[in-house]
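What follows is one structure encoded as structure tokens, with my remarks underneath.
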Amino acid sequence: MKQPVRIAVTGAAGNISYSLLFKIASGELLGKDQPIILQLLEVEDSMERLKGVAMELEDCAFNLLHEISLHSNPNTAFAGAHYAFLIGAKPRGKGMERADLLMANAKIFSEQGKALNNYANPDIKALVVGNPANTNCLILSRNAPDINPNQFSAMTRLDHNRTTGLLANKLAINPEDIDGLCVWGNHSATMYPDIHNAIAYDSHDIIDLVDYAWYQEELIAKIQQRGAEIIQQRGLSSAASAAQAAIDQMRDWILGSDDRLVSMGVMSDGSYGIAEGIYYSFPVVCRFGRYEIIQDISINNFGTDMMKATENELLEEKQLIEHLLPKETEDNYKKVFVQDNDGSNLENFYYRANKI
Ligand code: NAX
Numbered sequence: 643m644k645q646p647v648r649i650a651v652t653g654a655a656g657n658i659s660y661s662l663l664f665k666i667a668s669g670e671l672l673g674k675d676q677p678i679i680l681q682l683l684e685v686e687d688s689m690e691r692l693k694g695v696a697m698e699l700e701d702c703a704f705n706l707l708h709e710i711s712l713h714s715n716p717n718t719a720f721a722g723a724h725y726a727f728l729i730g731a732k733p734r735g736k737g738m739e740r741a742d743l744l745m746a747n748a749k750i751f752s753e754q755g756k757a758l759n760n761y762a763n764p765d766i767k768a769l770v771v772g773n774p775a776n777t778n779c780l781i782l783s784r785n786a787p788d789i790n791p792n793q794f795s796a797m798t799r800l801d802h803n804r805t806t807g808l809l810a811n812k813l814a815i816n817p818e819d820i821d822g823l824c825v826w827g828n829h830s831a832t833m834y835p836d837i838h839n840a841i842a843y844d845s846h847d848i849i850d851l852v853d854y855a856w857y858q859e860e861l862i863a864k865i866q867q868r869g870a871e872i873i874q875q876r877g878l879s880s881a882a883s884a885a886q887a888a889i890d891q892m893r894d895w896i897l898g899s900d901d902r903l904v905s906m907g908v909m910s911d912g913s914y915g916i917a918e919g920i921y922y923s924f925p926v927v928c929r930f931g932r933y934e935i936i937q938d939i940s941i942n943n944f945g946t947d948m949m950k951a952t953e954n955e956l957l958e959e960k961q962l963i964e965h966l967l968p969k970e971t972e973d974n975y976k977k978v979f980v981q982d983n984d985g986s987n988l989e990n991f992y993y994r995a996n997k998i
């Protein structure tokens, strides 16, 4: 039997976690032979609710679930963690401006970044789900200067899965027969679902199979507004689909995406002319526990404008919280090239200069 791995989950008594935790414990993330320890974090007021969730996990008698610990302190919740799902965030209250929301979350993710830096396993992979996910991810990473920014990622897989699902439905084919689509930018209404390079059955260009006006005028807006539409229909925000996307993004990152192209919010290295220093959703392929931004996607004028608009939104978000970020900047990092295990691809990595 393998050694158990430690998985930290924040917002563990919330809706998404109520689906996610059971998937993790049943082996959907790391396979049926990987025992796990769950380290669950909640705010003080939700600890009783969290105990109820832990009791239910126990009642499932999952073979792989070796231990569950409950925390209201991020330092202990992240201690020794190999993987972290950061789901807990401050929701947007009535009359709350975007800047107020960013500020409230900056406080949470600054504290949690420091805790990850000081107590998590140095090889941690952390996925930020709580909104505004991309900028929360930036705050987290900047507060964890000893951890490579490539070990943090913001969740845009739900948007990727939504695009795949809606396209598959339109074309009446299986989602697994679609590859090559991606979602660019921010997990917000400015995101850009791009199907220009998508193919069906390894050979057919999807852009030729659908009506271009339907794609531009209907599909893009539908994906951008899908979260709001679900709230309208269900009275609650997406939870099970978000949990599935969190599993998909983290599993592919850890175990590989089988050469399939997936979307991940990752630290921009300047690819496609996107400003460095923001977490932007790019098309990636995952191998050997790492992601690689795919470079040869062709972009038309429409795409360039869409990508710029969502980049600008992220830069504005960054500007709003910039004064709260530690002064640690890229100058403290040295860009180094690291070769993939198979010796083929060169990737950009930032490491703190004093760690090299
Ligand atoms: P819930 O409100 O059901 O649960 C959130 C939980 O987080 C609550 O139990 C709360 O007590 C806890 N929490 C708040 N602050 C915390 C802190 N500082 N430390 C630990 N726990 C804390 O929300 P849920 O539906 O689970 O959604 C969670 C987050 O995911 C929200 O920010 C939501 O906007 C975001 N989403 C992100 C998506 C994405 O694709 N990136 C899609 C789904 C979802 O909308």
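In the numbering used here, the protein residues as written are 643 to 998. Here a beta-carbon is modelled for each residue, glycine too, at the ideal position from N, C-alpha and C.
For Ser-795, the uninterrupted beta strand (DSSP E) run begins and ends at 794-796, by DSSP. In the structure shown, the three-state DSSP call for Gly-755 is helix. Shown here for Glu-684: same chain residues with a beta carbon closer than 6 Å to its own, the five before and five after excluded, namely Ala-654, Ala-655, Leu-692 in chain order. Shortest Cα-Cα distance from Met-797 to any of Lys-665, Ser-661, Ala-855, Ser-923 involves Ser-923. In the structure shown, the three-state DSSP call for Cys-779 is helix. CA-to-CA, the gap between Lys-969 and Asp-765 works out to about 24 Å.
Nearest Cα to Cys-928 within the set Gln-858, Asn-828, Leu-728, Arg-902: Arg-902. Taking the Cβ atoms as the reference, Leu-744 lies roughly 10 Å from Arg-734, outside the contact range of under 8 Å.
For Thr-718, the Cβ stays outside the 8 Å cut-off from all heavy atoms of ligand 1.
A distance below 9 Å separates the beta carbons of Thr-777 and Asn-747. Nearest neighbour of Arg-804 by Cα position, chosen from Gln-961, Ala-887, Glu-859, turns out to be Ala-887.
For Lys-767, the enclosing beta strand (DSSP E) stretches over residues 767-770. For secondary structure counted as the alpha helix (DSSP H) over 4 or more consecutive residues, the stretch 834-884 holds these complete runs in sequence order: 848-851, 862-866, 868-876. Judged by their CB atoms, Asn-828 and Leu-956 are nearer to each other than the 9 Å cut-off. Secondary-structure assignment with DSSP links Pro-925 through a beta bridge to Ser-905. Taking 3 residues as the minimum length, the beta strand (DSSP E) runs contained wholly in the stretch 661-711 are 678-683, in order along the chain.
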